[in-house]
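Heads up: the protein sequence lines correspond to chains A and B, in order.
Quick note on the numbering used here: the first sequence kicks off at 473 and runs consecutively.
Quick note on the numbering used here: the second sequence kicks off at 461 and runs consecutively.
Glycine included, each C-beta is placed from N, C-alpha and C at the ideal position.
What follows is a short report on a single structure.
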Amino acid sequence: LAKTTQPISMDSYEGQEVNITCSHNNIATNDYITWYQQFPSQGPRFIIQGYKTKVTNEVASLFIPADRKSSTLSLPRVSLSDTAVYYCLVGGGNNAGNMLTFGGGTRLMVKP
Amino acid sequence: EAGVTQFPSHSVIEKGQTVTLRCDPISGHDNLYWYRRVMGKEIKFLLHFVKESKQDESGMPNNRFLAERTGGTYSTLKVQPAELEDSGVYFCASSQELNTEVRSPLHFGNGTRLTVT
Numbered sequence: 473l474a475k476t477t478q479p480i481s482m483d484s485y486e487g488q489e490v491n492i493t494c495s496h497n498n499i500a501t502n503d504y505i506t507w508y509q510q511f512p513s514q515g516p517r518f519i520i521q522g523y524k525t526k527v528t529n530e531v532a533s534l535f536i537p538a539d540r541k542s543s544t545l546s547l548p549r550v551s552l553s554d555t556a557v558y559y560c561l562v563g564g565g566n567n568a569g570n571m572l573t574f575g576g577g578t579r580l581m582v583k584p
Numbered sequence: 461e462a463g464v465t466q467f468p469s470h471s472v473i474e475k476g477q478t479v480t481l482r483c484d485p486i487s488g489h490d491n492l493y494w495y496r497r498v499m500g501k502e503i504k505f506l507l508h509f510v511k512e513s514k515q516d517e518s519g520m521p522n523n524r525f526l527a528e529r530t531g532g533t534y535s536t537l538k539v540q541p542a543e544l545e546d547s548g549v550y551f552c553a554s555s556q557e558l559n560t561e562v563r564s565p566l567h568f569g570n571g572t573r574l575t576v577t
């Protein structure tokens with residue numbers, strides 16, 4: 473399974489755009505890139521998933537360069553409620569199941 | 461749509477006792493996973509069911525842990541006998557494979573916090 477590296481923590485202010493970059497140099501050809509958000513005392517919550525190029529949904533965008541060795545989660549205009557831990561995961565490349573490996577995540581602190 | 465539910469939310473037991481954790485996946489989800497986070501470390505994979513069959517149990521720490529998913533619906537994770545190092549948060553997740561081209565993300569429950577004293 474591809475190992476991921478992401479910043480341990482980041483600080484931001486309300487209304488700013490936050491970009492969290494994740495490195496996954498050993499990503500396999502059929503691996504997907506998935507980002508999860510986790511609040512204290514809750515389970516991880518799916519944010520966005522992509523394979524290549526750019527994916528956008530109602531809460532975030534995911535930018536993936538052509539070599540797929542990294543990805544960037546972009547959160548537009550963050551609010552205090554976006555304070556959470558964000559995990560970048562790669563995997564799910566086979567039909568036997570999408571077992572994912574969590575790294576340490578990025579602890580995002582949004583300040584007023 | 462009801463999410464993944466786990467019971468109990470908290471459990472405090474003494475070393476040597478037995479505890480059974482339950483997970484109800486989202487209805488219709490064939491894939492069910494157990495993960496855990498111990499002592500503030502990273503969330504680690506335990507095992508994966510596809511319906512009632514164990515697809516991968518490579519993450520199970522030892523034979524004190526037994527997971528079942530009879531009938532391919534809910535799953536239980538039993539720890540017997542519990543040890544101090546088993547303390548942590550146990551997460552269950554489920555997903556539905558739509559087809560070979562699309563990866564369905566995992567939907568996690570809020571976990572069971574297990575404390576072994």
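Using 10 angstroms around the beta-carbon of residue i, count the other beta-carbons present and answer buried if the total reaches 16, otherwise exposed.
{"i": "Arg496/B", "result": "buried"}
{"i": "Ile480/A", "result": "exposed"}
{"i": "His470/B", "result": "exposed"}
{"i": "Ser551/A", "result": "exposed"}
{"i": "Ser553/A", "result": "exposed"}
{"i": "Ser554/B", "result": "buried"}
{"i": "Ala462/B", "result": "exposed"}
{"i": "Ser543/A", "result": "buried"}
{"i": "Ala568/A", "result": "Summary for Ala568/A: the model assigns pLDDT 41, below 50, so the residue's position carries little reliability; its value from the coordinates is reported in the next sentence. Per the 10 Å Cβ criterion, exposed."}
{"i": "Pro537/A", "result": "exposed"}
{"i": "Gly577/A", "result": "buried"}
{"i": "Pro485/B", "result": "buried"}
Any idea what DSSP makes of residue i, helix, strand or coil?
{"i": "Asn567/A", "result": "The pLDDT assigned to Asn567/A is 43, lower than 50, so where the model puts this residue is not dependable; a value taken from the coordinates is nonetheless given after this. Coil, per DSSP."}
{"i": "Thr506/A", "result": "strand"}
{"i": "Asp516/B", "result": "strand"}
{"i": "Val545/B", "result": "Correcting the residue type first, residue 545/B is Glu in the shown sequence and not Val. Reduced to three states, the DSSP call for Glu545/B is helix."}
{"i": "Leu566/B", "result": "coil"}
{"i": "Thr501/A", "result": "coil"}
{"i": "Ser546/A", "result": "strand"}
{"i": "Ser553/A", "result": "helix"}
{"i": "Thr530/B", "result": "helix"}
{"i": "Phe509/B", "result": "strand"}
{"i": "Lys475/B", "result": "coil"}
{"i": "Ile492/A", "result": "strand"}
{"i": "Leu483/A", "result": "Position check: residue 483/A holds Asp in this sequence, whereas Leu was assumed. DSSP places Asp483/A in strand when its eight states are reduced to three."}
{"i": "Gln521/A", "result": "strand"}
{"i": "Thr572/B", "result": "strand"}
{"i": "Lys583/A", "result": "strand"}
{"i": "Lys475/A", "result": "coil"}
{"i": "Thr422/A", "result": "Absent from the structure is residue 422/A, since the part of chain A shown begins at 473 and ends at 584."}
{"i": "Val562/A", "result": "strand"}
{"i": "Asp539/A", "result": "coil"}
Is the shortest distance between the beta-carbon of residue i and the beta-carbons of chain B less than 8 Å?
{"i": "Ala568/A", "result": "Residue placement at Ala568/A is poorly supported in this model, since its pLDDT is 41, which falls under 50; the coordinates still yield a value, given next. Closer than 8 Å: yes."}
{"i": "Thr506/A", "result": "yes"}
I want to verify the contact list: residues of chain B whose CB lies under 9 Å from the CB of residue i, in sequence order.
{"i": "Leu552/A", "result": "Under the 9 Å cutoff, chain B gives no residues; its nearest Cβ is about 21 Å from Leu552/A."}
{"i": "Phe518/A", "result": "Pro565, Leu566, His567, Phe568"}
Using a Cβ-Cβ distance cut-off of 8 Å, determine whether residue i contacts chain A.
{"i": "His567/B", "result": "yes"}
{"i": "Phe467/B", "result": "no"}
{"i": "Phe551/B", "result": "yes"}
For a contact defined as C-beta to C-beta under 8 Å, what are the partners of residue i on chain B?
{"i": "Arg444/A", "result": "A query on residue 444/A cannot be resolved here, the shown segment of chain A reaching from 473 to 584 and no further."}
{"i": "Leu572/A", "result": "Phe505, Leu566"}
{"i": "Thr525/A", "result": "Simply none; closest approach about 16 Å."}
Can the beta-carbon of residue i be found closer than 8 Å to that of residue j?
{"i": "Val510/B", "j": "Thr575/B", "result": "no"}
{"i": "Gln478/A", "j": "Ile499/A", "result": "no"}
{"i": "Ser546/A", "j": "Ala532/A", "result": "yes"}
{"i": "Thr536/B", "j": "Thr480/B", "result": "yes"}
{"i": "Arg529/B", "j": "Glu512/B", "result": "yes"}
{"i": "Ile561/A", "j": "Thr476/A", "result": "It should be noted that the sequence gives Leu, not Ile, for residue 561/A. It is a contact, given that the beta carbons lie within the stated cut-off."}
{"i": "Phe467/B", "j": "Ile503/B", "result": "no"}
Which chain A residues are close to residue i, counting only those with a beta carbon under 7 Å from its beta carbon?
{"i": "Gly571/B", "result": "Gly515"}
{"i": "Glu502/B", "result": "Phe574, Gly575, Gly576"}
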